[in-house]
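Each remark here refers to the structure printed beneath this line.
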Amino acid sequence: MSALTHDSGTVDEIAARARGRATTVGVVDGAPDRSALLTAIGRELRFPGYYGHNLDALDECLADLSWLPEGPVELVWADADLLAADPATHETVLAILETAVDATASGPRPLHVVLAVHS
Numbered sequence: 025m026s027a028l029t030h031d032s033g034t035v036d037e038i039a040a041r042a043r044g045r046a047t048t049v050g051v052v053d054g055a056p057d058r059s060a061l062l063t064a065i066g067r068e069l070r071f072p073g074y075y076g077h078n079l080d081a082l083d084e085c086l087a088d089l090s091w092l093p094e095g096p097v098e099l100v101w102a103d104a105d106l107l108a109a110d111p112a113t114h115e116t117v118l119a120i121l122e123t124a125v126d127a128t129a130s131g132p133r134p135l136h137v138v139l140a141v142h143s
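Following this line, the structure appears as structure tokens:
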């Protein structure tokens, strides 16, 4: 699987497919701005209490994931809201996610990111 993949269907359908592949699945749908996205990712991937809700903290937490059970981790992100509202943040978050996927690929909790394409 490449760093970021696309899947089509409803978010629920995409999440169900992810649950068949991963030990931990987080689903982010309807995050219209940076703050909402950072909060949603932190909640869905059960980030620790020290998570700072900023892009640097997102990068740090995604590169670790040691608080999650071992096994594949999938983040399903319906990203259309943020893409429309804040393209610059969208691109930054995509870059952070790609880096995290690469950093965790050979570890006990490899991260995969699926961008949901609503159908």
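To convert a position in the sequence shown, counted from 1, into the numbering used here, add 24.
Just so it is clear, CB atoms sit at the ideal spot from N, CA and C, and this is done for glycine as well.
- Within the same chain, 113 come within 6 Å of residue 58 by CB-CB distance, once the 5 residues on both sides are set aside.
- The DSSP-derived three-state label of residue 50 is strand.
- Residue environment: residue 91 is assigned as exposed (fewer than 16 neighbouring CB atoms within 10 Å of its CB, all protein chains considered).
- Here residue 136 is buried. Its C-beta has 16 or more other C-beta atoms within 10 Å.
- Ranked by how close their Cα comes to the Cα of residue 128, the residues 141, 116, 84 have 84 in first place.
- Bounds of any beta strand (DSSP E) do not take in residue 113; it lies within the alpha helix (DSSP H) bounded by 111–128.
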